[in-house]
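**Q**
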Amino acid sequence: MADLGTEKNNALKKPLFSAKARSVIAQIFKQIICIGMVVMVILPILLTVFASFKTKGDMVNTSPLLLPEHITLENYKKVLTDKYLLIGFANTGILLIVSIFFNVILGTLTAYIIERFNFRFKKFVVALFFIGMLVPTFVTEISRFKIINGIGLYKTLGAPILIYVASDLMQLYIYRQFLANISVSLDESALLDGCGYFQLFVRIIFPLLAPATATVTIIKAITIINDMYIPYLYMPGNKTQTLTTFLMNYASAQQGSWQTLAAGIVVIMLPTILLYIFFQKYILAGVTAGAVKE
Amino acid sequence: MFQNKDLWRSLGNNAIYFCVHLLMIPVELAFAVLLNSKLRAAKFYKTMVFMPYIINGVAISYAFSYFFSPINGAFNNLLELLKLEMLKQNWLSDENIVNFVLAFVSLWRFSGYHIVLFTAALQSVNHDIIEAATLDGANAWQMFRYIQTPSIMLMVDFILFDNIRGAMQVFDIPFVMTNGGPGYASSTFTLYTIKTAFTFSNFGLASAMAVAIMAIIILIYVVQNKIIHKFILKGD
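Which chain is which? The protein sequence lines are A and B, in order. When we follow the numbering used here, the leftmost residue of the first sequence carries the number 1, and every step to the right adds one. When we follow the numbering used here, the leftmost residue of the second sequence carries the number 1, and every step to the right adds one.
1. Please look up how many angstroms separate the CB atoms of residue 173 of chain A and residue 289 of chain A, rounded, as I've assumed it's under 8 Å.
2. Taking a cut of 9 Å between CB atoms, which residues from the region 29-44 of chain B lie near chain A?
3. Whose CA, out of A/83, A/76, A/53, lies closest to the CA of residue 69 of chain A?
4. Can you tell me whether residue 79 of chain A is helix, strand or coil according to DSSP?
5. Excluding sequence positions up to five away, which residues of its chain have a Cβ less than 6 Å from the Cβ of residue 169 of chain A?
6. Using a Cβ cut-off of 9 Å, which residues of the region 145-157 of chain B contact any Cβ in chain A, in chain order?
7. Which residues, taken in chain order from the region 173-195 of chain B, show a beta carbon closer than 9 Å to some beta carbon of chain A?
8. Give every residue of the same chain whose Cβ lies closer than 8 Å to the Cβ of residue 164 of chain B, excluding the five residues on either side of it in the sequence, and list them in chain order.
9. In three-state terms, what does DSSP make of residue 280 of chain A?
10. Check the Cβ-Cβ distances between residue 9 of chain B and every residue of chain A, and say whether any is below 8 Å.
11. According to DSSP, is residue 34 of chain A helix, strand or coil?
12. Which residues, in order along the region 42-76 of chain A, keep a beta-carbon less than 9 Å from a beta-carbon of chain B?
13. Can you tell me whether residue 229 of chain B is helix, strand or coil according to DSSP?
14. Measure the alpha-carbon distance for residue 138 of chain B versus residue 43 of chain A and round it to whole angstroms.
15. What are the start and end residues of the alpha helix (DSSP H) that includes residue 18 of chain A?
16. Could you list the residues in the region 176-200 of chain A with a C-beta less than 7 Å from some C-beta on chain B, going in chain order?
17. To which residues of the same chain is residue 232 of chain A closer than 6 Å at the C-beta, ignoring the five residues directly before and after it?
18. Among B/50, B/62, B/16, which one has its Cα closest to the Cα of residue 255 of chain A?
19. Among residues of its own chain, excluding the 5 on either side of residue 182 of chain A, which ones have a beta-carbon nearer than 6 Å to its beta-carbon?
20. What residues from chain A crowd round residue 72 of chain B, counting only those whose CB sits closer than 7 Å?
21. Residue 95 of chain B: buried (16+ other C-beta within 10 angstroms of its C-beta) or exposed?
22. Let me confirm a value: residue 199 of chain A is counted as buried when at least 16 other C-beta atoms fall within 10 Å, else exposed. Which label applies?
23. Going by beta carbon distance, what residues of the same chain come within less than 8 Å of residue 182 of chain B, once the five residues before and after it are set aside?
24. The alpha helix (DSSP H) that contains residue 147 of chain A, what's its start and end?
25. Starting from residue 164 of chain B, find everything on chain A with Cβ-Cβ shorter than 9 Å and list it in chain order.
26. So, with DSSP's three-state summary, where would you put residue 211 of chain A?
27. Output needed for residue 71 of chain A: all residues of its chain with C-beta closer than 8 Å, excluding positions within five of it in sequence on either side, in chain order.
28. Would you kindly check if the distance between the Cβ of residue 237 of chain A and the Cβ of residue 155 of chain A is under 8 Å?
29. Within a Cβ cutoff of 7 Å, which residues of the same chain sit near residue 10 of chain B, ignoring the five residues on either side of it in sequence?
30. Suppose contacts are defined by Cβ-Cβ distances below 8 Å. Is residue 100 of chain B in contact with residue 166 of chain B by that definition?
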């Protein structure tokens with residue numbers, strides 16, 4: 001009798017599922033939510049890819065949710081042979097190389113000077129970077145436009161380059177954080193050995209900053225490739241199209257023909273997706289570092 | 001400027017983006033907690049959730065134009081498949097819903113950014129506190145409400161600020177998908193400002209608008225901050 005009583009008690013206390021079963025159920029539940037998220041992310045992209053493989057007839061006859069019976073590459077042929085795509089690629093390439101080159105030099109130098117030297121108005125200079133970050137770009141757009149126009153860079157690649165070269169707060173922060181971890185005694189011993197400031201920077205500091213430069217470069221590259229606003233405003237005209245503005249012109253030329261536009265969309269999406277897949281680590285590190293300090 | 005109806009309407013549209021994103025922030029936070037918990041393939045999910053942020057904004061706007069297109073559009077097709085034909089709409093030309101559709105696209109694009117930021121902040125929460133709370137028998141909700149959320153208040157602040165800044169500056173999604181139309185139904189403040197300046201060459205008026213939007217951003221931020229902090233302090 002007594003035995004039975006305790007058994008009954010135990011059964012009452014026992015939760016519906018064992019701890020292990022509960023954690024399995026929780027895991028399944030979480031996986032379902034996450035898979036739902038992945039479907040939401042993938043779906044619009046996937047359907048665009050489907051459309052890009054369809055003929056005009058397929059667009060009407062097959063469901064947008066399915067691939068056609070026979071895949072056609074005509075749409076891709078059309079985009080890839082568009083002469084302006086090549087111009088877009090070339091222009092984006094030039095913007096990337098020139099802007100990032102000067103941007104990295106300026107960024108590392110600025111961070112180095114702010115981090116290692118004391119000078120008058122240092123706080124003021126740092127504060128200016130903050131203000132630049134806080135004020136929305138659109139607010140200063142009109143005066144910026146007038147300046148660019150005034151120095152004759154409007155409608156040239158020089159306009160976006162000048163804008164992109166400027167280093168922002170995020171970049172400065174990533175560099176400064178890195179510099180703070182490079183021992184000052186390294187600077188001192190190099191100076192004692194007769195190394196000048198310039199050499200010190202070029203030979204020792206700059207190479208040590210390489211990992212930070214990788215992060216900064218990749219994030220900057222993605223920003224530049226994806227930017228529509230600056231090329232659109234500052235470089236109207238066929239000869240100065242970038243990848244993004246190419247897509248906009250291409251879209252208005254394909255009015256209503258989704259299958260050809262879809263191929264264009266996929267081609268323009270690819271570069272940044274590839275960058276993301278290969279350099280994900282740096283991108284996530286940079287993006288979070290840029291925000292955490294604020 | 002203040003008597004301009006279209007401008008007010010545009011500003012009202014910004015408010016829609018702002019509210020939709022604001023309402024999603026707790027969900028984003030919850031999602032970050034989920035990604036940060038014991039989860040198989042968490043790394044893969046993190047990669048996926050952040051991907052929309054990296055993709056070319058113009059390209060994705062066109063992709064969504066196709067997705068929501070009234071003729072052979074995927075979304076209407078999907079509704080048919082789910083036997084929800086009565087919900088079929090002209091998603092991008094109906095004045096009453098176009099802004100919500102655009103806000104959804106914006107959400108699709110930027111939520112991942114917030115989630116990744118939240119995840120990073122959660123990872124830096126002191127593990128001892130979490131362990132102590134677990135030993136004291138805190139359940140997942142209590143952990144979320146009393147340990148994790150207060151520990152990442154700085155990040156919450158940043159994201160709330162980023163949300164205002166983002167919502168007041170929405171530009172490329174409506175510009176590409178509807179160009180503010182039909183009429184000014186889906187115009188936004190920035191779209192309107194840019195049009196005033198560069199299409200109608202009225203730089204003076206556009207500058208006034210730009211200054212106004214900055215004042216609005218600061219004002220909303222201050223008010224929002226007061227409300228949120230009061231609410232959080234009260235909760236404790």
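The C-beta atom is built at its ideal place from N, Cα and C for all residues, glycine as well.
**A** Answer, in terms of the structure:
1. 7 Å
2. 31, 34, 35, 37, 38, 39, 40, 41, 42, 44
3. A/53
4. helix
5. 129, 133
6. The residues in question are 154, 155, 157.
7. 175, 176, 189, 190, 193, 194
8. 18, 217, 220, 221, 224
9. If DSSP states are grouped into helix, strand and coil, residue 280 of chain A belongs with the helices.
10. It does not: the Cβ of residue 9 of chain B has no partner Cβ on chain A nearer than 8 Å.
11. helix
12. 42, 43, 44, 45, 47, 48, 50, 51, 59, 60, 63, 64, 65
13. DSSP places residue 229 of chain B in helix when its eight states are reduced to three.
14. Cα-Cα distance, rounded: 38 Å.
15. Careful: residue 18 of chain A lies outside any alpha helix (DSSP H) and carries neither H nor E.
16. none
17. 245
18. Comparing Cα-Cα distances from residue 255 of chain A to each of B/50, B/62, B/16, the minimum goes to B/62.
19. 208
20. 59, 60, 64
21. exposed
22. Residue 199 of chain A should be labelled exposed.
23. 93, 95, 98
24. Its alpha helix (DSSP H) spans residues 137-150.
25. In chain order: nothing, as chain A lies at least about 10 Å away.
26. helix
27. 53
28. yes
29. 184, 187, 188, 189, 191, 192
30. no
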